[in-house]
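So the sequence lines, in the order shown, correspond to chains A and B.
Residue 33 is where the first sequence starts when you use my numbering, and the numbers rise one by one after that.
Residue 33 is where the second sequence starts when you use my numbering, and the numbers rise one by one after that.
Note that beta-carbon positions come from the ideal geometry of N, C-alpha and C, so glycine has one too.
Nothing here was measured: the structure is a model prediction, and the numbers come from that model.
Number of protein chains: 2
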Amino acid sequence: MATIREIAEKAGVSSGTVSFILNGKADKMRISASTQKRVLEVAREMGYLPSISARRLRNEGEKNIPIITLLWTLDARASLVSRFLQGIQNLSLYRDGLFELLIQPYENGKLHEVDSLYTGTRFNGAIITNASNEDMDFLENNKLKVPLVVYLRETKKYSSVTVDGKLTGNMVASYLADKGHKEVGIVIPNISSQAIELRQEGFLNGITEYNLKNTHTLSGDFSEDGGYKTMRALIKQSGELPTALFFLSDPMAIGALSACNEFGLRVPEDIEIIGHDNNEQAPYTYPSLTTVHLPVEEMAIACVHQLMDTINHQIESPVSLQFKTEIIERRSC
Amino acid sequence: MATIREIAEKAGVSSGTVSFILNGKADKMRISASTQKRVLEVAREMGYLPSISARRLRNEGEKNIPIITLLWTLDARASLVSRFLQGIQNLSLYRDGLFELLIQPYENGKLHEVDSLYTGTRFNGAIITNASNEDMDFLENNKLKVPLVVYLRETKKYSSVTVDGKLTGNMVASYLADKGHKEVGIVIPNISSQAIELRQEGFLNGITEYNLKNTHTLSGDFSEDGGYKTMRALIKQSGELPTALFFLSDPMAIGALSACNEFGLRVPEDIEIIGHDNNEQAPYTYPSLTTVHLPVEEMAIACVHQLMDTINHQIESPVSLQFKTEIIERRSC
DNA sequence: TTGTAGGCGTTATCAA
DNA sequence: TTGATAACGCCTACAA
């Protein structure tokens, strides 16, 4: 908390001297050992913490590169950040050092606690991911100081990079109908998410459209464990099982496969399972997981491009970019 | 690149006026529409980019909180960041806002390209993860401006948070010997990593110690795909198989299980498989994966504590903290 | 409605 | 050896 000048005063030297000592240039400047020791002592006592922004301002000189922050939730979805980053790392803008990328964790539903969105004191632009409905409300209703791009959420106010969630849901319903299913179910992660809701809505509408019957609407934690427990509960109860289940997230589908294996329910013979996301693990489950491919890598690149264009004043008003999903057929469905 | 003053000059107004306009306070200040328009025009032309550090310095006022950066590699291991963060999010230091946490991606083997380690212009301290041997050499041989804690690598020069990799390797060998195995193999991710080398060394020493025979030393990409391909190649070749395989990373073991399932090799009857890390997916594979638990969450907390103590001058010389691993028995071994 | 000046913390430079 | 000072870019209270 102490500044270099406060230390200087207390140690009875000038701030320049303190700076040299604290930065290991004391010997080069031939500052006496006793002074060094005294200053270091005082700095420790006072709890000196260099001000990064002051340092940086001083050194910034010519190159003032935009800082882009990826706001990612500190929850189970943290593992999804991996694919997003892998998209960005091949981006030439990134390799040429035309922007600096940082990831800042935030707590789901508490985007409003990220002060720097108001103050603009941390980054030149942000990519918002995994926003809950409350987070979206916050974004819609507040004037922020920083350009934003919203990932996987629809909004009129900001640029966004999305997929057509309803269409995805419909596509899955159609796919199941084509495979001859009559009674199907859906398993939803219990998180607040517009993207999840749209998929669900599209699926349920599709069910009606294709004359299927929705026998089960289940929910559980967004995790392997959540999927496992949901599936186990379904197996243990005595009622009829649907012939197919649509899991709105791959980790849940993976947990469910595990429950099926454990309790002797055969996939796909007794029940078919389809997931969503096409995570890295999906091809390697048993049986391998049929799932909806979400083009995360391409969307990540689009997010960066949109944000950079906004920061560089190339874009005037919000632009919405929509990507396509597709079903990847494997063994489970 | 243009500063507020340059814009002011070009637009023929003062820098204060420009500031008001650029920050949306023009109306409050009753600046004429024509001036506003002109200034915005010029700002766009000149490509104005606010200097984050200047803004921040101006606003910092009383609270100068340490910024901690997690330097994480932009490769397959990005998915492991999830458990690390989950450790930190429960930390009271974090919840009380006693530090700011950022994640900065870096390319494996190119830690030396992270300039801010020399300049100290981005963060007050860093946690280095996934360092390759070249990265470690770089750290050992350079004087950096920022306090560091090294995760999962041993070093005398910096504080570190590790496990005893040799002991882990030995433990696995002992475990396999106890289960009656005679001929075993090891599968190594082809990345440069001291941690991997230590595990391998400990395992091979253990093999000798417990009178086992090491029939296969294989390697592959650090990923599910790498494990799958390695296992498939092993199955396809006609020679004898070992009765147990130690995979030095869970994703590889998961890929290998998939290959076994696909080609009709029964686990654990025909071959036993043990992994390393205890990733979230390990309990949900088929069969569930026996693996070595790496206490990532606890280690993450230790990293932050050590780093904060260093930043706050509580620690004088490097401290090395060692955590314990343990074998989690499931079905695969 | 616009301009001016001071200050945030650090560091390079120049002077003593 | 050490001290004083200017400058980095932005913001804002105050003056005009």
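So if I threshold CB-CB distances at 9 angstroms, which residues from the segment 325–358 of chain B count as touching chain A?
Answer set for the segment 325–358 of chain B: I343, N344, H345.
Please decide whether I99(A) counts as near chain B, where near means a Cβ-Cβ distance under 8 angstroms.
Your numbering for residue 99(A) matches position 67 in the first sequence. Interface residue, yes.
Mind checking Y80(B): buried by the 16 CB within 10 Å criterion, or exposed?
Within the second sequence, numbered from 1, the residue matching residue 80(B) stands at position 48. Buried, since its Cβ has 16 or more Cβ neighbours within 10 Å.
Which value, in whole angstroms, describes the spacing of the CA atoms of V45(A) and L89(A)?
Here residue 45(A) corresponds to residue number 13 of the first sequence, with the count starting at 1. Here residue 89(A) corresponds to residue number 57 of the first sequence, with the count starting at 1. Answer to the nearest angstrom: the Cα atoms are 24 angstroms apart.
Taking the straight line between their C-alpha atoms, what separation do you get for Q346(B) and N165(B)?
Translated into positions along the second sequence, residue 346(B) becomes position 314. Translated into positions along the second sequence, residue 165(B) becomes position 133. If I take the Cα positions, the gap works out to 29 angstroms.
Closest by CA to V74(B), which one among Y126(B), T247(B), V50(B), I306(B)?
The residue you call residue 74(B) lines up with position 42 of the second sequence. Per the Cα distances, V50(B).
Jot down the residue ranges of each uninterrupted beta strand (DSSP E) in the segment 267–337 of chain A, minimum 3 residues, whole runs only, in chain order.
Runs of the beta strand (DSSP E) inside the segment 267–337 of chain A: 276–279, 304–309, 322–325.
Would you tell me roughly how many angstroms separate the C-alpha atoms of E256(B) and P179(B), rounded to the nearest one?
Position 224 of the second sequence, counted from the start, is the residue given in the question as residue 256(B). Position 147 of the second sequence, counted from the start, is the residue given in the question as residue 179(B). Using only the alpha carbons, I get a separation of about 35 angstroms.
Grab me the residues of V146(B)'s own chain with a C-beta within less than 7 angstroms of its C-beta, minus the 5 sequence neighbours each way, in chain order.
Position 114 of the second sequence, counted from the first residue, corresponds to residue 146(B). L103, Y138, listed in sequence order.
Relative to the C-alpha of T357(B), which candidate in N293(B), D128(B), A227(B) has its C-alpha closest?
If you number the second sequence from 1, residue 357(B) lands on position 325. Nearest option by C-alpha distance: A227(B).
Note down, in chain order, each residue of its chain lying with its Cβ closer than 7 angstroms to the Cβ of D196(B), except the 5 sequence neighbours on either side.
Position 164 of the second sequence, counted from the first residue, corresponds to residue 196(B). Closer than 7 angstroms at the Cβ level, and outside the excluded window around D196(B), lie Q354.
Is F254(A) closer than 8 angstroms to A108(A) when the C-beta atoms are compared?
Taking the first sequence and counting its residues from 1, the one referred to as residue 108(A) is at position 76. Taking the first sequence and counting its residues from 1, the one referred to as residue 254(A) is at position 222. Yes, they are a contact pair.
Whole beta strand (DSSP E) runs in the segment 162–188 of chain A with 3 or more residues, listed along the chain?
If we require 3 residues or more, the beta strand (DSSP E) runs fully inside the segment 162–188 of chain A come out as 180–183.
Under the DSSP definition of a beta bridge, which residues are partnered with N246(A)?
Counting from 1 along the first sequence, the entry for residue 246(A) is found at position 214. Answer by DSSP bridge pairing, in chain order: V216(A).
If contacts are defined as beta-carbon pairs under 8 angstroms, then I239(A) and G259(A) qualify, I think. What distance do you get, rounded to the angstrom?
By 1-based counting over the first sequence, the position of residue 239(A) is 207. By 1-based counting over the first sequence, the position of residue 259(A) is 227. Contact doesn't hold; Cβ gap of about 21 angstroms is too wide.
In angstroms, rounded to a whole number, what distance separates the CA positions of K261(A) and F155(A)?
The count along the first sequence starts at 1 and reaches residue 261(A) at position 229. The count along the first sequence starts at 1 and reaches residue 155(A) at position 123. Near 41 angstroms, if we compare the C-alpha coordinates of F155(A) and K261(A).
Answer yes or no: does any C-beta atom of chain B fall closer than 8 angstroms to that of F155(A)?
Your numbering for residue 155(A) matches position 123 in the first sequence. So, interface residue.
Using 8 angstroms as the Cβ pair cut-off and three pairs as the minimum, do the segment 168–183 of chain B and the segment 196–216 of chain B touch?
Touching, no, given that fewer than three Cβ pairs across the two stretches are closer than 8 angstroms.
Suppose contacts are defined by Cβ-Cβ distances below 8 angstroms. Is I267(B) in contact with L289(B) by that definition?
Along the second sequence, one-based indexing puts residue 267(B) at 235. Along the second sequence, one-based indexing puts residue 289(B) at 257. Taking 8 angstroms as the Cβ cut-off, I267(B) and L289(B) do not qualify as a contacting pair.
CB P315(B) to CB R362(B), shorter than 8 angstroms?
Residue 315(B) sits at position 283 when you count from the first residue of the second sequence. Residue 362(B) sits at position 330 when you count from the first residue of the second sequence. Going by C-beta atoms, P315(B) is nearer than 8 angstroms to R362(B).
What in chain B is Cβ-close to A86(A), meaning under 7 angstroms?
Position 54 of the first sequence holds residue 86(A). What A86(A) touches in chain B: L89.
Closest to K95(B) by C-alpha separation, out of L230(A), H325(A), T35(A), H308(A), would be which residue?
The residue you call residue 95(B) lines up with position 63 of the second sequence. Closest by alpha carbon: T35(A).
Of all the options F278(A), G48(A), Y150(A), D341(A), which has the alpha carbon lying nearest to the alpha carbon of P221(A)?
In the first sequence, counting from the first residue as 1, residue 221(A) sits at position 189. Answer by Cα proximity: F278(A).
Here's the rule: buried if 16 or more other CB atoms are within 10 angstroms of the residue's CB, otherwise exposed. What is R231(B)?
As a position in the second sequence, residue 231(B) is number 199, starting the count at 1. R231(B) should be labelled buried.
Under 8 angstroms, do P283(B) and H248(B) count as touching if we go by C-beta distance?
In the second sequence, the residue the question calls residue 283(B) occupies position 251. In the second sequence, the residue the question calls residue 248(B) occupies position 216. Cβ atoms of P283(B) and H248(B): not closer than 8 angstroms.
Run through chain A and tell me which residues come within less than 7 angstroms of L68(B), C-beta to C-beta.
In the second sequence, counting from the first residue as 1, residue 68(B) sits at position 36. The question names Leu, yet the displayed sequence has Gln at residue 68(B). Those do not exist, as Q68(B) stays about 15 angstroms from chain A at its closest Cβ, beyond 7 angstroms.
Less than 8 angstroms between the beta carbons of I99(B) and I84(A), yes or no?
Counted from its first residue, the second sequence places residue 99(B) at position 67. Counted from its first residue, the first sequence places residue 84(A) at position 52. Contact: yes.
Can you tell me the Cα-Cα spacing of I160(B) and V216(A), whole angstroms?
Start at 1 with the first residue of the second sequence, and residue 160(B) comes out as number 128. Start at 1 with the first residue of the first sequence, and residue 216(A) comes out as number 184. So the alpha carbons of these two residues sit roughly 48 angstroms apart.
My understanding is that S352(B) touches S192(B), with C-beta atoms under 8 angstroms, so please give their C-beta distance in whole angstroms.
The residue you call residue 352(B) lines up with position 320 of the second sequence. The residue you call residue 192(B) lines up with position 160 of the second sequence. Confirmed, Cβ separation roughly 5 angstroms.
Specify the secondary structure class of V193(B) as computed by DSSP and reduced to three states.
Taking the first residue of the second sequence as position 1, residue 193(B) is located at position 161. Three-state DSSP puts V193(B) in a strand.
Name the chain A residues whose beta carbon is nearer than 8 angstroms to that of P82(B)?
Position 50 of the second sequence, counting from 1, holds the residue named residue 82(B). Residues of chain A passing the Cβ test: G152, N156.
R115(A): which of H325(A), L321(A), S349(A) sits nearest, CA to CA?
Looking up residue 115(A) in the first sequence gives position 83. For R115(A), the nearest C-alpha among the options comes from H325(A).
Determine the contact status of Y207(A) and I303(A), defining contact as a CB-CB distance below 8 angstroms.
The residue given as residue 207(A) occupies position 175 in the first sequence. The residue given as residue 303(A) occupies position 271 in the first sequence. Going by C-beta atoms, Y207(A) is not nearer than 8 angstroms to I303(A).
Please return the same chain residues whose Cβ sits closer than 6 angstroms to the Cβ of E241(B), not counting the five positions on each side in sequence.
Taking the first residue of the second sequence as position 1, residue 241(B) is located at position 209. Cβ within range, chain order: n/a, list empty.
What residue does the alpha helix (DSSP H) around F235(A) start on, and which one ends it?
In the first sequence, the residue the question calls residue 235(A) occupies position 203. Note, F235(A): alpha helix (DSSP H), 226–241.
Between the Cα of E186(B) and those of Q313(B), N237(B), D167(B), spot the shortest distance and give me the residue it belongs to.
To locate residue 186(B), count along the second sequence from 1; it is residue 154. Comparing Cα positions, the closest option is D167(B).
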